[in-house]
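Notes for the one structure printed next.
Right, here's the structure in full:
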């Protein structure tokens, strides 16, 4: 255990942070039986295989094998050091930590830590100027004209950078920040005369925060005739546009609660939507949606409503985003905006109620949107184009598993283009047959598929291997069973990793610890061992295991040991016989070895 923080304090922090609550802030968890399941945040998947047990305060992924306790999760998820994870959890739960700042090693560079600090100062400065000074009045009036209230301005910490060349540079210099670091971070711009100037001067400011609510970059919008209209901080160790979503820190709890997220293209769309009581709103940062962002949204929500501008560029972007989101496993809808309008304009012009009723609640299914989207490629007044269009739609509909959903859209095509349902259904069947057998047998959104498949794999293991795993599962929850195993077989497990785990468990209980998988895992230093322990801890066990059952496991393990020793002894005799040039004896021993191996295989 680290010298600077006592074991008791670490234990207090861990117990004050329920693992289901903490992990639930990163992924959508659904209860299945005694455990919770969700999409693993450590590898891409569409079927949930990530399991969290509240009773044991551990997690395990049946897909990639990662596992551990709440501390392990934060370290893995955030790329944090032990101390950073401990600090984050302590802050969340109100547990006081001793001052360990001198010894603490951060997961990010000192330069990035300075940039975070500078960004926090600038956020406060620009927001204060906007809200409370004459220097920020111009920016304040801009937001007021856009209908943004003071409460929302404060929630998003919106600001204004005065059109004064060295205002920010001088402010940060007085705070002790090095000019070159600030230029590198894009907080300042280097001029031709080698002086530093405020990058965002004369612009209203949108702080860009990470999922923890820390400002990592800024977006600036001109309110005059400056170019470009929007200006972002450059990418850095802290800020990677393809991985960040604007407002995600404020929206994530609402997204989890509703299992739905509304995806916009710009800052003002999100801010206007937030003011219109759409709290589950996020936006990309001036770029197309990425696979990383799509996977992030899928971990939090089942459904994504894409609410992009209703012009040709917005429709094209919505289609590309929808494809990525569907690939990530999301159910996708497209908001029903009026032609050539953007969300912010619609809310300003028609109000909150109409935005909810006419735009969000009236969202199109992806299939309906796709059928409309395809029409742009065809001249439907021409017979040939109509046939090509119908064929392309049918190829898409063939991929839909629900026969009810397929029939719904086939009827729409039948009525619109005067084609019989019989011929449409025949064509669909041809396409589905080409997709290969088993098309209708695909399992979707099962929270137990991965886990059950994993259990099937375990059953294929040799009897002694399963016996060792099962025995360790009981040892993890009962000190008296561990005492019995230590007395009966000590470290004579057949699998090396099991020997090491058992040895650690003996030491753990000798130090008078209570059975607690989460605490035990924290004492292991090897990540592979941590993962194996959490995997074994997930094995179902009987609450009232009998002494006879424990003895059976021990007997199987001993028998495997004995068999290995017998075979090893015979192999040594065979080697000696060969050295003594006695081929008949060597052959006889070889037959004994083969017979022993056959007998043992039949037993297993």
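In my numbering, the protein residues as written are 2 to 605.
Glycine included, C-beta positions come from ideal geometry on N, C-alpha and C.
What would DSSP say about residue i, mapped onto helix, strand or coil?
| i | result |
| --- | --- |
| residue 233 | strand |
| residue 61 | strand |
| residue 447 | Unreliable placement is indicated for residue 447, whose pLDDT of 44 sits below 50; no coordinate value is reported for it. |
| residue 591 | helix |
| residue 264 | strand |
| residue 441 | Any answer about residue 441 is weak, because its pLDDT of 46 lies below 50 and its placement is not dependable; what the coordinates show is given next. In this structure, residue 441 counts as helix in the three-state DSSP scheme. |
| residue 478 | coil |
| residue 399 | coil |
| residue 24 | helix |
| residue 104 | In this prediction, residue 104 has a pLDDT of 47, which is less than 50 and means its spatial position is unreliable; nothing more can be read from the coordinates. |
| residue 526 | coil |
| residue 81 | coil |
| residue 363 | coil |
| residue 186 | coil |
| residue 604 | Residue placement at residue 604 cannot be trusted, given a pLDDT of 48 that sits under 50; what the coordinates show is reported in the next sentence. DSSP places residue 604 in helix when its eight states are reduced to three. |
| residue 454 | Confidence is the limiting factor: at residue 454 the pLDDT is only 47, short of 50, which leaves the residue's position unreliable and the question unanswerable from this model. |
| residue 15 | helix |
| residue 167 | coil |
| residue 333 | strand |
| residue 157 | coil |
| residue 95 | coil |
| residue 69 | strand |
| residue 9 | helix |
| residue 459 | Residue placement at residue 459 is flagged as unreliable, the pLDDT there being 48, under the threshold of 50; a coordinate-derived value is accordingly withheld. |
| residue 381 | coil |
| residue 342 | coil |
| residue 148 | coil |
| residue 490 | coil |
| residue 56 | coil |
| residue 140 | helix |
| residue 135 | helix |
Can you check DSSP and say which residues form a bridge with residue i?
| i | result |
| --- | --- |
| residue 32 | 37 |
| residue 209 | 218 |
| residue 177 | DSSP output for residue 177 lists no bridge partner at all. |
| residue 51 | 39 and 62 |
| residue 223 | 204 |
| residue 1 | No answer is possible for residue 1: the residues shown for the chain start at 2 and end at 605. |
| residue 162 | 204 |
| residue 247 | 284 |
Inspect the beta-carbon positions of residue i and residue j and report whether they are closer than 9 Å.
| i | j | result |
| --- | --- | --- |
| residue 221 | residue 233 | yes |
| residue 551 | residue 432 | no |
| residue 127 | residue 160 | yes |
| residue 395 | residue 387 | no |
| residue 239 | residue 294 | no |
| residue 39 | residue 29 | yes |
| residue 538 | residue 59 | yes |
| residue 217 | residue 205 | no |
| residue 305 | residue 282 | no |
| residue 276 | residue 360 | no |
| residue 169 | residue 123 | yes |
| residue 399 | residue 407 | yes |
| residue 329 | residue 364 | no |
| residue 534 | residue 477 | yes |
| residue 314 | residue 338 | no |
Can you check which of these residues, the options, is closest to residue i by C-alpha distance?
| i | options | result |
| --- | --- | --- |
| residue 53 | 23, 528 and 77 | 23 |
| residue 82 | 62, 108 and 63 | 108 |
| residue 556 | 487, 580, 592 and 465 | 465 |
| residue 299 | 331, 309 and 546 | 331 |
| residue 540 | 473, 547, 49 and 504 | 473 |
| residue 481 | 417, 547 and 533 | 547 |
| residue 278 | 150, 409 and 226 | 150 |
| residue 479 | 521, 531 and 284 | 521 |
| residue 273 | 181, 508, 50 and 344 | 344 |
| residue 183 | 113, 130, 154 and 243 | 113 |
| residue 529 | 125, 231, 66 and 421 | 66 |
| residue 32 | 55, 259 and 201 | 55 |
| residue 308 | 253, 265, 507 and 340 | 265 |
| residue 1 | 174, 162 and 157 | Absent from the model: residue 1. The displayed extent of the chain is 2 to 605, so no value can be given. |
| residue 157 | 214, 187, 181 and 192 | 214 |
Is residue i near the ligand ADP, with its Cβ less than 8 Å from a heavy atom?
| i | result |
| --- | --- |
| residue 531 | By its list of ligands, the structure shown contains no ligand whatsoever, and the ligand ADP lies outside what it can speak to. |
Of all the CB atoms in chain D, is at least one closer than 9 Å to the CB of residue i?
| i | result |
| --- | --- |
| residue 531 | Going by chain labels, chain D is absent from the structure shown, which holds only one protein chain. |
Completely contained beta strand (DSSP E) runs for the segment 277-320, where each covers 3 or more residues: 282-284 and 304-307
Whole beta strand (DSSP E) elements within the segment 526-555, 3-residue minimum: none
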